[in-house]
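Novice:
Residue numbers (our numbering), protein chains in the order written: chain A, 1 to 526; chain B, 1001 to 1702.
1. Helix, strand or coil for residue 366/A, going by three-state DSSP, please let me know.
2. Whose CA, out of 257/A, 469/A, 457/A, 346/A, lies closest to the CA of residue 144/A?
3. Alpha carbon to alpha carbon, how far is residue 1244/B from residue 285/A?
4. Span of the beta strand (DSSP E) holding residue 69/A?
5. Can you name the start and end residues of the alpha helix (DSSP H) that residue 1089/B belongs to?
6. Which parts of the stretch 1308-1333 of chain B are runs of the beta strand (DSSP E), unbroken and 3 residues or longer, counting only runs that do not cross its ends?
7. Looking at residue 395/A: is its Cβ nearer than 8 angstroms to the Cβ of residue 466/A?
8. Would a C-beta distance cut-off of 8 angstroms place residue 39/A and residue 100/A closer than the cut-off?
9. Compare the beta carbon distance of residue 1197/B and residue 1256/B with 8 angstroms and say whether it is the shorter of the two.
10. Do the stretch 1142-1158 of chain B and the stretch 1184-1203 of chain B meet, that is, are 3 or more Cβ pairs less than 8 angstroms apart?
11. Which ranges does the alpha helix (DSSP H) cover as unbroken runs of at least 4 residues, wholly within the stretch 1-82 of chain A, from first to last along the chain?
12. Exposed or buried, which one is residue 1301/B when buried takes at least 16 other CB atoms within 10 Å?
13. Using a Cβ distance threshold of 8 angstroms, determine whether the stretch 212-228 of chain A contacts the stretch 301-321 of chain A, with at least three qualifying pairs required.
14. Consider the Cβ of residue 1178/B: report whether some Cβ of chain A lies at a distance smaller than 8 angstroms.
15. Give every residue of the same chain whose Cβ lies closer than 6 angstroms to the Cβ of residue 48/A, excluding the five residues on either side of it in the sequence, and list them in chain order.
16. Does the beta carbon of residue 1261/B sit closer than 8 angstroms to a beta carbon anywhere in chain A?
17. What is the rounded straight-line gap between the Cα of residue 1587/B and the Cα of residue 357/A?
18. Tell me the DSSP secondary structure of residue 1125/B in three-state form.
19. How big is the Cα-Cα spacing for residue 222/A and residue 386/A?
20. So which residues of chain A does residue 1618/B contact, with C-beta pairs closer than 7 angstroms?
21. Does any residue of chain B have a CB that is nearer than 8 angstroms to the CB of residue 503/A?
22. Is the Cβ of residue 1621/B closer than 8 angstroms to any Cβ of chain A?
23. If distances are taken between C-alpha atoms only, which option among 154/A, 298/A, 383/A comes closest to residue 464/A?
24. Run through the DSSP bridge pairs and tell me what residue 1105/B is partnered with.
25. In chain order, what residues of the same chain lie with their CB nearer than 6 angstroms to the CB of residue 1106/B, ignoring the 5 residues before and after it?
26. Thinking just about the alpha-carbon of each residue, which of 1056/B, 1360/B, 1061/B is nearest to the one in residue 1142/B?
27. Between 1665/B, 1618/B, 1077/B, 1200/B, which has its C-alpha nearest residue 428/A's C-alpha?
28. In its own chain, which residues sit with a C-beta less than 8 angstroms from the C-beta of residue 1339/B, not counting the 5 before and 5 after it?
29. Can you list the residues of chain A that residue 1195/B reaches, using a CB-CB cut of under 7 angstroms?
30. Assuming residue 302/A is part of the alpha helix (DSSP H), what are its boundary residues?
31. Can you check whether the C-beta of residue 1206/B is within less than 8 angstroms of a C-beta belonging to chain A?
32. Does DSSP put residue 210/A in a helix, a strand or coil?
33. Quick check on the burial criterion: 16 or more other C-beta atoms within 10 angstroms. Buried or exposed for residue 1437/B?
34. Rounding to the nearest angstrom, what Cα-Cα distance links residue 1607/B and residue 1615/B in this structure?
35. Does the beta carbon of residue 425/A come closer than 8 angstroms to any beta carbon on chain B?
36. Quick one: which chain B residues come within Cβ less than 9 angstroms of residue 412/A?
This is the structure in structure tokens:
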């Protein structure tokens, strides 16, 4: 069993999906229990991974590797390092909570809903553990399908527009990635004489690819990931998708799907094309787009009248921080960017869950329809406030740790980056506090809000683990940095061998240097 | 060394109190969980419910325990060489390696606590004054709902404030810094049903965030330049780096500037002062504790804490001094004309904070801390006194509707008078020593303009304080006759008396050297602080150039001017009847109007930043998203749909057309053939026979 830990993790929700599909359509509660059971099981099966994972090791661990389509060189090749490890943990927890939070709010087509959700869960977990680029592409695309249906069937008023926009935006980005992927794949065959999609094989191609080629290949991947992140100006699918999706869908979108873009960058795009990402133009362009995203997202958030849209735009701003960190290309920037991605995966789902709790009662997302909720919902007020302050980067909560590390990384490159970045800190407080004021404070002006009830136990249970996570990272982030440090340093070293005072001026041939770096590479399959 | 080992516990007691309030408070204080409805003016009859008793004892008690631990630790600290003791609990921020000017350093910060002479002064002020204000609040807040919420926030505030001054590095200081900002937000907006209260809370937090952005950048620059954020390592790093005083704007000056931007936010200095007057929306004990005695002085603490950096950055110091001096006179001038008793005190606070920065800016960091310490006594006293007045007259804050209260609330009157004399700089009282030391340092640093600003501000201070005293306590009674004016309960008057005693005595630990034997006999704050803050700094030794006679002369001058101002206030406001606006004669109607409108800073900011940049920019960007980006996406969609209908047309009429034509042709050709395929055996047999006949005929007749 122990050598198949990762397979078990991603297959568990898939088995859950099959189980749900076998149940009779009418027995809704039974379906709910089974789906939730598998969601909890999905969390439990990560325990062996947590026990087996060695955070001091920067290599891929728990590797599983078999031939899949030998003719193509495609393999069933799984493994995790610190980046994937954190994302898998985030996925199982947020996935479980979003299944739990759907209990009362989803009443139509319950069976299909949970089946799609479990399917989605399996696809997302797969993305975070595959090391074969072909299989990655399969997971990456397959995951769109259940999300499309979740938005399109259980969403709000403009759900079809949002679903199609989401699907096509992402697909359009992926096409470029596919092209870049195939180019590298054929280049690899040209150079080494056999076909392979394995990540470390394709990484070797970089040494034989000119900077200009790498630049274009990087951007091929980058645009696919930038759509997913989403970076300005590829972000407009996000407000529609977030707003129209059911609560659990927004939670998954914000919590996990956006992180796939970040993960894709550090796992594939950056290590595969080191010269493409260290290219001056790339760095400048990505940094500028990130900064624009930070300020732009925040300012647009300020003006939203729709509660969920506001939170959606805040994601654009927060993810701008993450990409700014990544493109700083130094340890604090990259680790901070990934950690901030994780943080965003805790705090933004909290904000969406908070919307969901009152949406279920009042069926409106207009901020103007609320006001004075604090009078009726003391527990909710406290939890919502914690979520807000976590999101705006209050020290002692998680957001600050990520932001500070990112800003440190950005400052190392240019004081101007950090200088513009801190604008997000100011504006973040503005739009979130103004939201809080309009929704929670003041007297109750709308008589329909007189009857709102405070949170019930299930709603508290859904929010509690995320809030605990916010405090944990805020007060004691060391374990997280320990997990992120080895893969981050490895990546930085690949991008800039001189960073740690290494042999930057060394005249070793690129192949040799890479071979050296890869000597400590992934161990063989078994 | 028990107390020194346990300095990390000092903040934990109030945290415990806050946690209990958050988790159990609603059970202890069942009435009105979120405050009474707006129209509920009923007297506090649930004051003696057993749950409230628990809160009354628990929350101030936690602060008292902290105070005892602080005193114990400070007594033990005197035996420690260097007057500095550090307790490190665990690693907090565990950032990765980072390239800095001094090589690769791990970007880390600890949960570490540092008690040295500087933080000891702060800790005593915070726990001491904090305890008195907690006790006062049990009386003041007795009528309000949300009692547990109030005390929970107040205890949480003390936790963060103590963390701020005990943290051993900038990052941990920043945790406290933001934490107190959060509590301030919660307490300004305590009456959250009032829009003005929640507006003020938001404004306070957001304006502070502007300062925080500067603080964060300052920390990043510090780490980049010196490779550490730990206070005890800053000095050695500066020495090891061989930094010299910078003539131009070098990295150290920028650090100083950025930290000062942070301080501007927290300590309400120009141009970020706008939030503090609005913060008076909070309950009065909050104004006293957070917005006068402790939180707003955090900026001064930050500057003093960074004194090692500032002394090498004369430009930054000059900036601090100039901004401090300008803020002092700017705020004092607004304070001259305000009618709201708390607004007068709020502007006075801004002005006094300016004084503290003025002191720091001319290199007298210890004097800045000295004034911080004396100010905590008399300003807390004045605020609590004003609270007692407001309490007595049923919530009225406008001084035009007070007057003649001195015999009806005598304890409040007498203690406030002491506070007013102290802040006015009457010799022997606390404010005299610290303010005169600031003026003297400003003078002896050769910044005569700054000295002049300070002197004029001192005059204004004396004037507006006595205007406040006369309008409130003397003259005709203008209180709404329906109000039952009553002296406050003992829980409120005792803190006033103790603070009044402090306002008299607190200054004697900072007597100037010209006092000769008196100075030698008393403990010296200057000496105590010399281990933690740079003494004298850039203008060191300036004292020596001036004679003692000059110092006595300047002292006499400032006292004389203060007395003159008090005399003027007496002439104008100690009248039988308060009629018209006496200030019109002094200032002129137009200028009075400008001061009353606070120089219109709020309106300008509103137009520039709120409506201009934020809402205007945000609105335009949202439109950009909708029109341009989504317009592009949607038109691509539309184009795709159009082209797909074109292809559909092509498919339907051309491709399918050809197919259909072919099909039709086949059909046409097949038509006669089909006629034979009837499916009837007889027909087939007939055809067969005919066929046989034809074939046979062909062969036969060939």
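No residue lacks a Cβ here, since even glycine has one placed at the ideal position from N, Cα and C. Quick caveat: nothing in here was measured; it's all calculated off a predicted structure.
Specialist: According to the structure shown:
1. In the first chain, residue 366/A corresponds to position 366, counting from 1. Strand.
2. Translated into the one-based positions of the first chain, residue 144/A becomes position 144. Cα-wise, what sits closest to residue 144/A is 257/A.
3. What you label residue 1244/B is simply residue 244 of the second chain in a count that begins at 1. What you label residue 285/A is simply residue 285 of the first chain in a count that begins at 1. Cα to Cα, residue 1244/B sits roughly 38 angstroms from residue 285/A.
4. Residue mapping note: residue 69/A aligns to position 69 of the first chain, counting from 1. Element bounds for residue 69/A: 61-69.
5. Here residue 1089/B refers to the residue found at position 89 of the second chain. Where residue 1089/B is concerned, there is no enclosing alpha helix (DSSP H), although the beta strand (DSSP E) it sits in stretches over 1084-1100.
6. none
7. Numbered from its first residue, the first chain carries residue 395/A at position 395. Numbered from its first residue, the first chain carries residue 466/A at position 466. No, they are not a contact pair.
8. On the first chain, position 39 is the one that residue 39/A refers to. On the first chain, position 100 is the one that residue 100/A refers to. Result yes, Cβ atoms of residue 39/A and residue 100/A sit closer than 8 angstroms.
9. Start at 1 with the first residue of the second chain, and residue 1197/B comes out as number 197. Start at 1 with the first residue of the second chain, and residue 1256/B comes out as number 256. Against a cut-off of 8 angstroms, the Cβ pair of residue 1256/B and residue 1197/B comes out as no contact.
10. yes
11. 5-22, 28-44, 47-52
12. In the second chain, counting from the first residue as 1, residue 1301/B sits at position 301. Residue 1301/B comes out buried.
13. no
14. Within the second chain, the letter at position 178 stands for residue 1178/B. Interface residue, yes.
15. If you number the first chain from 1, residue 48/A lands on position 48. Closer than 6 angstroms at the Cβ level, and outside the excluded window around residue 48/A, lie 5.
16. On the second chain, residue 1261/B is found 261 positions in, with the first residue counted as 1. Not one chain A Cβ lies under 8 angstroms of residue 1261/B.
17. Looking up residue 1587/B in the second chain gives position 587. Looking up residue 357/A in the first chain gives position 357. C-alpha separation (whole angstroms): 57 angstroms.
18. Mapped onto the second chain, residue 1125/B falls at position 125. Residue state, collapsed to three classes: helix.
19. Counted from its first residue, the first chain places residue 222/A at position 222. Counted from its first residue, the first chain places residue 386/A at position 386. Roughly 34 angstroms separates the two Cα atoms.
20. As a first step, residue 1618/B is located in the second chain; it is residue number 618 there, counting from the start. The contacting residues are 299, 300, 302, 303.
21. In the first chain, the residue the question calls residue 503/A occupies position 503. Note that residue 503/A scores a pLDDT of 46, beneath 50, so its modelled location is shaky; the value from the coordinates is reported in the next line. Residue 503/A does not count as touching chain B.
22. Start at 1 with the first residue of the second chain, and residue 1621/B comes out as number 621. By this cut-off, residue 1621/B is an interface position.
23. Sequence index remark: in the first chain, residue 464/A carries index 464 (1-based). Checked all of 154/A, 298/A, 383/A; the closest Cα to residue 464/A is 383/A.
24. For the purposes of this step, residue 1105/B is identified with residue 105 of the second chain, where counting begins at 1. For residue 1105/B, which the question treats as bridged, DSSP gives the partners 1098/B.
25. Numbered from 1 along the second chain, position 106 holds the residue referred to as residue 1106/B. Excluding sequence neighbours, residue 1106/B sits near 1097.
26. Looking up residue 1142/B in the second chain gives position 142. It is 1056/B whose Cα lies nearest to the Cα of residue 1142/B.
27. As a working mapping, residue 428/A is identified with position 428 in the first chain. Out of 1665/B, 1618/B, 1077/B, 1200/B, 1618/B has the C-alpha closest to the C-alpha of residue 428/A.
28. Numbered from its first residue, the second chain carries residue 1339/B at position 339. So the list reads 1398, 1399, 1400, once near-sequence residues are dropped.
29. By one-based count along the second chain, residue 1195/B stands at place 195. Residues of chain A passing the Cβ test: 442.
30. Translated into positions along the first chain, residue 302/A becomes position 302. Residues 280-302.
31. Within the second chain, numbered from 1, the residue matching residue 1206/B stands at position 206. By this cut-off, residue 1206/B is an interface position.
32. Along the first chain, read from residue 1 onward, the residue named residue 210/A stands at position 210. Looking at residue 210/A - three-state DSSP - the assignment turns out to be coil, as it is neither helix nor strand.
33. Position 437 of the second chain holds residue 1437/B. It counts as buried.
34. Sequence index remark: in the second chain, residue 1607/B carries index 607 (1-based). Sequence index remark: in the second chain, residue 1615/B carries index 615 (1-based). Spanning the two alpha carbons is a distance of roughly 10 angstroms.
35. Here residue 425/A refers to the residue found at position 425 when the first chain is read from its first residue. So yes, residue 425/A belongs to the interface.
36. Within the first chain, the letter at position 412 stands for residue 412/A. In chain order: 1098, 1099, 1100, 1220, 1224.
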